[in-house]
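The structure appears right after this line, and notes come after that.
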Amino acid sequence: MNGLTLVLADDHHVVREGLRLLLETRLHCRVVGEAATGAEAVALVRQHHPDLLIVDLSMPGMNGIEVIRAVRAQAPETRVIVLSIHGDEPHVREALRAGAMAYVLKEALADDFLHAIAQVAAGQRYLSPRLAERAIRSFASEGQDPGMEAEGLSPREREVLALVAEGLTSAAIAERLGIGVRTVEWHRARLLHKLGLHTVADLVRYALQHGLAPEAE
Numbered sequence: 171m172n173g174l175t176l177v178l179a180d181d182h183h184v185v186r187e188g189l190r191l192l193l194e195t196r197l198h199c200r201v202v203g204e205a206a207t208g209a210e211a212v213a214l215v216r217q218h219h220p221d222l223l224i225v226d227l228s229m230p231g232m233n234g235i236e237v238i239r240a241v242r243a244q245a246p247e248t249r250v251i252v253l254s255i256h257g258d259e260p261h262v263r264e265a266l267r268a269g270a271m272a273y274v275l276k277e278a279l280a281d282d283f284l285h286a287i288a289q290v291a292a293g294q295r296y297l298s299p300r301l302a303e304r305a306i307r308s309f310a311s312e313g314q315d316p317g318m319e320a321e322g323l324s325p326r327e328r329e330v331l332a333l334v335a336e337g338l339t340s341a342a343i344a345e346r347l348g349i350g351v352r353t354v355e356w357h358r359a360r361l362l363h364k365l366g367l368h369t370v371a372d373l374v375r376y377a378l379q380h381g382l383a384p385e386a387e
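Going by the numbering used here, the first residue of the sequence shown is number 171, and it counts up by one from there.
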């Protein structure tokens, strides 16, 4: 893969340094720029028009999704690979819809990451094995219990989600489950984080879409 050019975008210098070393020694790629913020990543892509951009979703300022959209609009020839700690379905779906060609988890082995580079350089898409397996299970379960799509939630989180969807307040949920209000609020915050959502309305919508809300009588 001699001659392949890349821009690396991650707000941790040690991560960028490790990626550069791996790419230059194993694939003989040429890293033409490193960015610590989303805006820097877009500027470097616009300046160098690299073959690939490797970007983390959790970038300061302009986040990874916004970076992907900007790059696709301003430098469509540059293919984007997401390298992220977030493996939940909403993050993956949003990144792919924004235009990413691959989604690689930071827990991936070096060989899996390098395989993703090769796949995308060849014009093919790539998902980390764990994400690909989950996608296959999701397709296989279509028409079955829709709540299966919310795998990864604990039984207590499912209970809290269902009660949020009923419209109960934190105090009412705490009384129903026999736990503290702060515990309810912690579970609700965990749900928002795990599912990549932002508001209680998002949680209600998610519960309805995934069959986790009680049916109206």
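Even for Gly, the Cβ is constructed at its ideal location relative to N, Cα and C.
| Query | Result |
| --- | --- |
| Contacts around VAL274, its chain only, beta-carbon distance under 6 Å, and the 5 residues preceding and following it disregarded | LEU253, PHE283, ALA286 and SER298 |
| Collapsed DSSP secondary structure at ARG200 in the structure displayed | strand |
| Spatial neighbours of ASP180 in its chain, beta-carbon cut-off 7 Å, leaving aside the 5 residues before and after | ARG186 and ASP226 |
| Collapsed DSSP secondary structure at ASP315 in the structure displayed | Because ASP315 carries a pLDDT of 45, less than 50, the predicted location of this residue cannot be relied on, and no value is offered for it. |
| Exposure label - THR195; buried when at least 16 CB within 10 Å | exposed |
| From ALA209, GLY173 and THR207, residue whose alpha carbon lies closest to that of LEU193 | GLY173 |
| Own chain residues within Cβ distance below 6 Å of VAL215, not counting five before or after | VAL177, LEU223, VAL241, ALA245 and THR248 |
| Cβ separation of VAL330 and LEU301, assumed to be a contact under 8 Å, to the nearest whole Å | About 26 Å; that fails the 8 Å criterion. |
| Under 9 Å between C-beta atoms of GLU236 and GLY366 | no |
| Inter-residue spacing [alpha-carbon to alpha-carbon] between HIS219 and VAL202 | 9 Å |
| Candidates ARG200, HIS357, LEU197 and ASN233, of which the one nearest VAL212 by Cα | ASN233 |
| Given LEU279 as reference, the closest of ARG328, ARG360, LEU189 and GLY381 once Cα atoms are compared | LEU189 |
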